[in-house]
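Notes for the one structure printed next.
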Amino acid sequence: MYLKCHKIGDAQMLFDRMPEKDVVIYSAMIAGFSREGLVDKAKELFSEMRTMGVEPNMVSWNGMIAGFCNRGLHIEGLMLFQTMFSEGFRPDGSTVSCVLPAIGQLEDSVMGTQVHGYVNKQGIGSDKYVISALIDMYGKFSCALEMSKVFDESDQMEIGSCNAFLTGLSRNGLVDTALDIFRRFKAQGMELNVVTWTSMIASCSQNGKDLEALEFFREMQNEGLEPNSITIPSLIPACGNIAALMHGKAIHCFSIRKGILGDVYVGSALIDMYAKCGRIQLSRLCFDKMPTRNLVSWNAIMRGYAMHGKARETIEMFHMMQQSGQTPDVITFTCLLSACSQNGLTEEGWHYFTSMSREHGIEAKLEHYACMVTLLSRVGKLEEAYSIIKKMPIKPDACIWGALLSSCRVHHNLSLGEIAAKKLFQLEPDNPGNYVLLSNIYASKGMWSEVNRIRDVMKSMGLRKNPGCSWIELGRKVHMLLAGDKSHPQMKQILEKLDKLSIEMNKAGYHPDTKMVLQDVEEQDKAQILCGHSEKLAVVLGLLNTSPGQPLQVIKNLRICDDCHAVIKFISCFEGREIYVRDTNRFHHFKDGVCSCGEYW
DNA sequence: CTAGGGTTAG
Numbered sequence: 001m002y003l004k005c006h007k008i009g010d011a012q013m014l015f016d017r018m019p020e021k022d023v024v025i026y027s028a029m030i031a032g033f034s035r036e037g038l039v040d041k042a043k044e045l046f047s048e049m050r051t052m053g054v055e056p057n058m059v060s061w062n063g064m065i066a067g068f069c070n071r072g073l074h075i076e077g078l079m080l081f082q083t084m085f086s087e088g089f090r091p092d093g094s095t096v097s098c099v100l101p102a103i104g105q106l107e108d109s110v111m112g113t114q115v116h117g118y119v120n121k122q123g124i125g126s127d128k129y130v131i132s133a134l135i136d137m138y139g140k141f142s143c144a145l146e147m148s149k150v151f152d153e154s155d156q157m158e159i160g161s162c163n164a165f166l167t168g169l170s171r172n173g174l175v176d177t178a179l180d181i182f183r184r185f186k187a188q189g190m191e192l193n194v195v196t197w198t199s200m201i202a203s204c205s206q207n208g209k210d211l212e213a214l215e216f217f218r219e220m221q222n223e224g225l226e227p228n229s230i231t232i233p234s235l236i237p238a239c240g241n242i243a244a245l246m247h248g249k250a251i252h253c254f255s256i257r258k259g260i261l262g263d264v265y266v267g268s269a270l271i272d273m274y275a276k277c278g279r280i281q282l283s284r285l286c287f288d289k290m291p292t293r294n295l296v297s298w299n300a301i302m303r304g305y306a307m308h309g310k311a312r313e314t315i316e317m318f319h320m321m322q323q324s325g326q327t328p329d330v331i332t333f334t335c336l337l338s339a340c341s342q343n344g345l346t347e348e349g350w351h352y353f354t355s356m357s358r359e360h361g362i363e364a365k366l367e368h369y370a371c372m373v374t375l376l377s378r379v380g381k382l383e384e385a386y387s388i389i390k391k392m393p394i395k396p397d398a399c400i401w402g403a404l405l406s407s408c409r410v411h412h413n414l415s416l417g418e419i420a421a422k423k424l425f426q427l428e429p430d431n432p433g434n435y436v437l438l439s440n441i442y443a444s445k446g447m448w449s450e451v452n453r454i455r456d457v458m459k460s461m462g463l464r465k466n467p468g469c470s471w472i473e474l475g476r477k478v479h480m481l482l483a484g485d486k487s488h489p490q491m492k493q494i495l496e497k498l499d500k501l502s503i504e505m506n507k508a509g510y511h512p513d514t515k516m517v518l519q520d521v522e523e524q525d526k527a528q529i530l531c532g533h534s535e536k537l538a539v540v541l542g543l544l545n546t547s548p549g550q551p552l553q554v555i556k557n558l559r560i561c562d563d564c565h566a567v568i569k570f571i572s573c574f575e576g577r578e579i580y581v582r583d584t585n586r587f588h589h590f591k592d593g594v595c596s597c598g599e600y601w
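Start counting the first sequence at 1; every next residue gets the next number (full-length UniProt numbering).
Next comes the structure, spelled out in structure tokens:
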């Protein structure tokens, strides 16, 4: 009874007072500790029972193996599985269903196939736990075919296997298929559970379907299902991705009501969400209030500060993290280096870059080199950045060359820009962004024939600039604005307002950037040029629908363009608004005509 | 027939 109520302490007290203990009582207690994640305690009992002359049976072994596998100690679990086998036990459905997820995690497909064979031989292939574990494993192996085969041969009304199948599909890039099948399940009147809904929410928020994730959340509650402490952190990233602050806050309140605010995953997800919504102070508040923190929480707050260009705070958190005894990982250093790179902190950047492997035993990865390239380029040391690329022990990828090319655009460096662009055209020939960047550099030098040449190349390859897209949350609704898309009901007002603003801007001595390169390259619809870029539209929509003085927040799927940057600086001053624009990788905080990025992005 | 064990969601 105590074990079933998760009162492990009470159970242990009773257990300790028992004079005579048999296999059953030992097994119950081992499983109890395993469920609570107290593997060491379980291990103690497992060896104690043998010294007390009680031989472990199947159930004792299974409890022990479950303990290891559920705690992420996959290798230990699998080793025990093999020991059990060699001691003459024949693992049953329980054992196998614990061991399969571990095999999937380790991507040991040889062992996976062996165990699948064993399952068939033993005739336990119709056990529902085994089936869902098999589906899960093949999903983790990226064996969509094997996975579907197991599912097709199973009872398709068994919710566990259906859930494993849906997750497996999304995991293998087949989100849309998963969505279709989910709808089919629902139409068939199948009893869906929290796991099903959570899985769909997670698939959406991990695959750019953020509005859909929010919709699923509402739908599951309409169906009378209670979201739990796994559902919530699966949903929160969706709010951050589209900077839906009001939705995010509502879910924050929901977590308080559900009493799950103390959960590390919930807390860490909130930190990340508030940071992405431009509210870094709220991130910090959530962080400070967390009862327990882990690596994810520390990385979340550091990433938040880095995203906001707050290098001092990022470094301060790093010191606090070390004082707290938390060991950093690769991501921690990415946060540190990206914070340094945005602020031109060359000395600190080099310090963390070198201490990373020397003091922390973490090898620098591509993203760390990319930060160093950005950092050195930012302070004008483009040649030094290039020499790092030439010397780095890993093959530079598109991120590295992209970092160099972007910096060359900022510094109008043609020779290195051409080198970087050439590499990028080989690495990712279909990415229109690279062509646009190089063309920007040519345009800044007035080399119009080169600009035209690139435009022709793009045209012949059928490449178009990715459509710019911006989001703004107004009241309870998230508006999406696509560059050149006139379908928004308030578009007429938006254009009128933009007109008025441009008159004011001209009066103030602002003239649109003559290097309107993108349009030169593109020659896209005149309409798009007239409407302006999506971030401009979103900002103006915000101006129209909020009261004066209220801050605005816009997010964009691409790098903000020079012209929009200049226009928004003007608006922040002229309209007296604080405007936050979240770019692909950082925040621009416009206030009184100045932007926090210091003109470098 | 027989106490005690398991899968799928972050």
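For each residue, glycine too, the CB sits at the ideal point set by N, CA and C.
Bear in mind that the values here come from a model prediction, so they are computed numbers and not experimental data.
Asked                                                                                                                                                                       : Found
Do you know whose CA, among Phe353, Ser27 and Asp40, lies nearest Val54's CA?                                                                                               : Ser27
Can the beta-carbon of Pro101 be found less than 8 Å from the beta-carbon of Cys69?                                                                                         : yes
Go through the segment 330–381 residue by residue and report every complete run of the alpha helix (DSSP H) that reaches 4 residues or more, in order.                      : 330–343, 346–360 and 366–378
Can you tell me whether Phe141 is helix, strand or coil according to DSSP?                                                                                                  : coil
On the three-state DSSP scale, how would you describe Met157?                                                                                                               : coil
Any idea what DSSP makes of Trp601, helix, strand or coil?                                                                                                                  : coil
Kindly identify the DSSP beta-bridge partner or partners of Phe587.                                                                                                         : Arg582
The alpha helix (DSSP H) that contains Ile271, what's its start and end?                                                                                                    : Val264 to Lys276
Is Asn62 buried or exposed, if buried means 16 or more other CB atoms sit within 10 Å of its CB?                                                                            : buried
Leaving out five residues before and five after Ala339 in sequence, what residues of the same chain have Cβ atoms less than 6 Å from its Cβ?                                : Ala306, Ala311 and Thr314
Going residue by residue through the segment 188–274, where are the continuous beta strand (DSSP E) segments of at least 3 residues, counting only ones entirely within it? : none
Any idea which residues DSSP pairs Met480 with across the strands?                                                                                                          : Trp471
In the DSSP output, what is Leu552 paired with across the bridge?                                                                                                           : Ile579
Nearest-angstrom Cα distance between Ile271 and Ser283?                                                                                                                     : 4 Å
Measuring straight from C-alpha to C-alpha, what distance separates Val130 and Lys21?                                                                                       : 31 Å
Under the rule that 16 or more other beta-carbon atoms within 10 Å means buried, what is Met200, buried or exposed?                                                         : buried
Compare the Cα-Cα distances from Ile419 to each of Lys391, Asp176, Tyr386 and Arg453 and report the closest residue.                                                        : Tyr386
Between which residues of its own chain and Ala538 is the CB-CB distance below 6 Å, once the five residues before and five after are set aside?                             : Ser470, Ile472, Leu481 and Val554
Straight-line CA distance for Leu416 to Leu382?                                                                                                                             : 8 Å
Quick test of your reading: Val110 and Val96, contact by CB under 8 Å. State the CB separation rounded to the nearest angstrom.                                             : Actually they are not in contact, since the Cβ atoms of Val110 and Val96 sit about 16 Å apart, beyond 8 Å.
Quick test of your reading: Gly267 and Cys286, contact by CB under 8 Å. State the CB separation rounded to the nearest angstrom.                                            : 6 Å
Can you round the beta-carbon distance between Ser60 and Val23 to whole angstroms, since I take them to be within the 8 Å contact cut?                                      : 6 Å
Where DSSP assigns a beta bridge to Val594, which residues make up the other side?                                                                                          : Lys591
Since Phe318 is in the alpha helix (DSSP H), which residue starts that stretch and which ends it?                                                                           : Ala311 to Gln323
Under DSSP, the alpha helix (DSSP H) around Arg455 begins and ends at which residues?                                                                                       : Trp448 to Ser460
Check whether the segment 273–282 and the segment 239–256 are in contact - that is, three or more C-beta pairs closer than 8 Å.                                             : yes
Using only CA atoms, which one of Gln188, Asn228, Ile232 and Ala244 lies nearest to Leu211?                                                                                 : Ala244
For Arg303, which residues of its own chain have a beta-carbon under 6 Å away from its beta-carbon, when the five flanking residues on both sides are left out?             : Cys335
Give a yes or no on whether the C-beta atoms belonging to Ile494 and Leu541 are separated by under 8 Å.                                                                     : yes
Just verifying my parser: in three-state terms, what is the DSSP assignment at Gln326?                                                                                      : coil
How far does the alpha helix (DSSP H) with Ala42 in it extend, from its first residue to its last?                                                                          : Val39 to Thr51
Roughly how many whole angstroms lie between the Cα atoms of Gln82 and Asn163?                                                                                              : 29 Å
May I ask which residues mark the beginning and end of the alpha helix (DSSP H) holding Ile560?                                                                             : Segment: none, Ile560 is in no alpha helix (DSSP H) and carries neither H nor E.
Apart from the five residues on each side of it in sequence, which residues of its chain come closer than 6 Å, Cβ to Cβ, to Met321?                                         : Trp298
If we count Cβ pairs, one from each stretch, closer than 8 Å, do we get three or more for the segment 568–577 versus the segment 476–491?                                   : no
What is the DSSP secondary structure of Asp152, reduced to helix, strand or coil?                                                                                           : helix
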